[in-house]
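Colleague: Residue numbers (UniProt numbering): 1 to 83. Sharing a structure, written as structure tokens. Questions coming.
The structure is reproduced here in structure tokens:
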């Protein structure tokens, strides 16, 4: 879906009786063995998809997943623009 509020796309994939919703592009510089979804990223996604799911709150989130991917950076672009 396209979020007018955030000016970007989010995916919403039905899975069993739930929905998988994402993604964010957040710079990460910590230990890759302990990466996790940060609360601010989860809130960002929730705010973006409330156009399709009004009333969706942080307490509705059952599980989060985080991963890393390499992006080539010239130093002038945001992580969103690089992806």
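The beta carbon of each residue, even a glycine, is placed where N, CA and C say it ideally should be. The structure presented is a predicted model; accordingly, all values stated were derived computationally and were not measured.
#1: Which residue marks the beginning of the beta strand (DSSP E) containing residue 58, and which one marks its end?
#2: Keeping to the same chain, check which residues put their C-beta closer than 8 Å to that of residue 49; ignore five residues upstream and five downstream.
#3: Going by DSSP in three states, residue 14 sits in which element: helix, strand or coil?
#4: Can you tell me whether residue 35 is buried or exposed, with buried defined as 16 or more other CB within 10 angstroms of its CB?
#5: On the three-state DSSP scale, how would you describe residue 21?
#6: Which residues does DSSP list as the beta-bridge partners of residue 2?
#7: Pick out whichever of 18, 40, 31, 15 has its Cα sitting closest to the Cα of residue 25.
Modeller: The structure says:
#1: Residue 58 -> no beta strand (DSSP E), and no H or E assigned at all.
#2: 1, 3, 10, 12, 21, 56
#3: strand
#4: exposed
#5: strand
#6: 9
#7: 40
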